[in-house]
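> Before I ask anything, let me first share the structure, which is written out below as structure tokens.
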Amino acid sequence: MAQQDLHWLTITEASKLLQARQISVAEILEDTLEWVKKTDPVTRNFAYLAEKEAREEAKRADEEIGRGNYRGPLHGIPYTVKALISVAGAPMAWNSKVYANWSPKKDAEVVRRTRNAGGVLLGKVHTHEFAWGVTTPPTRNPWDGRSVTGGSSGGSGSSIAAGQGMASWGTDCGCSVRNPSALNGCAGMRVTQGRVPASGVVPLSLTMDTVGPLARTVRDLGLMLNGVAGYDPNDHFSADAPTMDFTAKLGRDIKGMKLGVPKEYFFDHMEPGVKRLVEDGIGQLAKLGMDVREVKFPHVKYTAGTFIGIVVAESAANHDEWLNERAAELGIDVRNFTEMGNLLLAKDYIRSNQIRTLIRQDFLDAFRDVDVIVTPTVAATAKPPKDHPIFINVQYPDGFSEDVIWAYCRFTMPMSLASTPCCIVPCGFSDDGMPTALQIAAKPYDEATALQVGFAYEQSTDWHTKRPSLGQ
Amino acid sequence: MATVGSKGNRSIDRDTVKALARYAGLNLPEDRVVAQLEFLKSQVDFLNEVDRELKLGFQLDDVFHVVPPAYGFRNPPPKS
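If you read the sequences in order, they're chains R and P.
Under the numbering used here, think of the first position of the first sequence as 1, with each following residue one higher.
Under the numbering used here, think of the first position of the second sequence as 1001, with each following residue one higher.
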């Protein structure tokens, strides 16, 4: 591989070269840093580039590997974290003016574990303010340099697609790992809540937030999870249970496994190009031998109102201290949601959670009959901002129109309410040349099956090998 | 037996807005509070509609079934 291509390596490829000492951590890092400096003026992903610290980590990693102390597949791998994940000493503004001058003193647990696994932290990439949105200004999509990157882990999705690090830790409440993966054309994973430590991560919704990886391939998602998953006593929702090898099922035949396709909700109001690619993807899984059958979700139609009823209340509980004194510094969308959360009554929050129970039961019922459920991740591709940096309207051929906050979350929120893990895998490029992806959900705590099906699909296509023309 | 009345009726008048904003600790212009309450009213209408359809809470009828809220629910941890 040419020296200038090192930033495009996957974790799987780079770890083999590093373990065999055919390349050094420093070589990969320097190539990646150079690439970030060349391309980030377009993508605008980095909130903080940890150049000096990364060189020190790379030097230590090279010394350890040189002594024969190879720690495993993440040793020497350059990665980024979303800007609301704590890194000791690094600025942490959460993309908000409110926190412009604040730095945490301690790493988030997910960062501490990734460091222990030997990862080299490149820096922090932008989040939508407080994780409360899907456009993540000022980032831009690497496929056209103009469109939004999704969100709230928009900087994570764009940076992976742009070759700026081999993996990124994002967070996902209603959509925030998944739509940036789909809109930028990379792999991503929402885990079951409790799988990956969330301590040291700024919360949006305490009952739905998860930390999850974005990477170039499905196998790399599994490697990232293997490096950090497991009980965290400082995370209230952490599962006090043994973890698993998330790559254990990769490569196993999926012939005969049952694939559920929802009858309701998930294919309503879509861009035709996105719908066609998802249907082609399901067709490809059928060609690989999966038994495709219809599944029913009678309560999923209540998703949007239920999700709002929960998240505005929980996010207001986290952020309302800023609402009076510094409201003018909040983005208008964050301010609106937080104000609403202050005015929602407790009984409305409880009723929303009752509906959540019914939606969750729909999924548990469906998983009695199928191994995975496959849906679109988003209803539309990434769009350029027009009149406003945050609010962008999408119009569908059936006459329906909506803001991107719904277009990019409508198909992912049900799985958040049900707390099912989801693997996002690219499934092609729509009529406008922008990527989209399949969402593969499995029952709670069965990440390995979602990854198994995602891997089988990925290996039967070449979408994951496509690169944007950045830097040319 | 009591009859089921209209649940959750909310009014958005000037006195309500001022009192509610004061109680919630919001230092906001009245028009902003009204805007948020109007959105929330649509949300409450939605919840009422779903409640009527699904009977989420305790009902004064023969069925003593209450749908449990999800916020206290944790996934069962894996066995291995």
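Positions of the beta carbon are idealized from the N, C-alpha and C atoms, including for glycine.
Among R/Thr12, R/Ile332, R/Gly283 and R/Thr39, whose alpha-carbon lies nearest the alpha-carbon of R/Pro469?
For the sequence presented, residue 469 of chain R should be read as Ser rather than Pro. Of R/Thr12, R/Ile332, R/Gly283 and R/Thr39, the residue nearest in Cα terms is R/Thr39.
> Among R/Thr381, R/Arg293 and R/Cys427, whose alpha-carbon lies nearest the alpha-carbon of R/Asn141?
Scanning R/Thr381, R/Arg293 and R/Cys427 for the CA closest to the CA of R/Asn141 turns up R/Thr381.
> List, in order along the chain, the chain P residues whose C-beta lies closer than 7 angstroms to that of R/Met340?
Gln1036, Phe1039 and Leu1040
> Looking at the C-beta of R/Ser352, does it have a partner C-beta in chain P at a distance below 8 angstroms?
yes
> Can you find a CB in chain R that lies within less than 8 angstroms of the CB of P/Pro1069?
Cβ-Cβ to chain R under 8 angstroms: yes for P/Pro1069.
> Between the Cα of R/Lys52 and the Cα atoms of R/Glu30, R/Asp62, R/Glu64 and R/Ile77, which residue gives the shortest distance?
R/Glu30
> Which two residues bound the contiguous alpha helix (DSSP H) that contains R/Trp35?
Val25 to Thr43
> Helix, strand or coil: which one does DSSP assign to R/Tyr70?
coil
> With 16 as the cutoff for other CB atoms within 10 Å, does R/Phe400 come out buried or exposed?
Per the 10 Å Cβ criterion, exposed.
> Hey, does P/Ala1024 have any beta-carbon neighbour from chain R nearer than 8 angstroms?
yes
> Mind checking if R/Leu225 is an interface residue toward chain P, Cβ cutoff 8 angstroms exclusive?
no
> Measuring straight from C-alpha to C-alpha, what distance separates R/Cys173 and R/Leu288?
32 angstroms
> Is the Cβ of R/Arg360 closer than 8 angstroms to any Cβ of chain P?
At a cut-off of 8 angstroms, the C-beta of R/Arg360 has a neighbouring C-beta in chain P.
> Consider the Cβ of P/Arg1032: report whether some Cβ of chain R lies at a distance smaller than 8 angstroms.
P/Arg1032 counts as touching chain R.
> For chain R, check one thing: does any of its Cβ atoms lie closer than 8 angstroms to the Cβ of P/Asp1015?
no
> Going by C-alpha to C-alpha distance, which of R/Tyr79, R/Val125, R/Phe130 and R/Ile11 sits closest to R/Asn318?
R/Phe130
> Taking the DSSP output, what are the residues bridged to R/Val81?
R/Lys124 and R/Trp169
> So what's R/Asp5 in DSSP terms, helix, strand or just coil?
helix
> Drop a sphere of 10 angstroms on the beta-carbon of R/Pro137, count the other beta-carbons inside from all chains shown, and report buried for 16 or more, exposed for fewer.
So R/Pro137 ends up on the buried side.
> Since R/Leu343 meets chain P, which of its residues come closer than 7 angstroms, beta carbon to beta carbon?
Leu1020, Ala1024, Gln1036, Leu1037 and Leu1040
> Give me the DSSP bridge partner(s) of R/Met189.
R/Cys423
> Alpha carbons only, please: which of R/Asp220, R/Arg219 and R/Ser199 is nearest the one belonging to R/Thr210?
R/Ser199
> Does the Cβ-Cβ distance between R/Met166 and R/Thr10 come in under 8 angstroms?
yes
> Helix, strand or coil for R/Gly341, going by three-state DSSP, please let me know.
helix
> Show which residues of chain P have a CB atom less than 7 angstroms away from the CB atom of R/Gly309.
Gln1043 and Leu1047
> Go to R/Arg216, then tell me how far its beta strand (DSSP E) extends in each direction, as first and last residue.
If you look at R/Arg216, you'll find it isn't in any beta strand (DSSP E); DSSP assigns it neither H nor E.
> If I measure Cβ to Cβ from R/Ala162 and keep anything under 6 angstroms in the same chain, skipping five residues before and after, which residues do I get?
Thr39, Thr43, Pro142 and Leu470
> Report the rounded CA-to-CA distance for R/Thr247 versus R/Tyr79, giving the unit in angstroms.
19 angstroms
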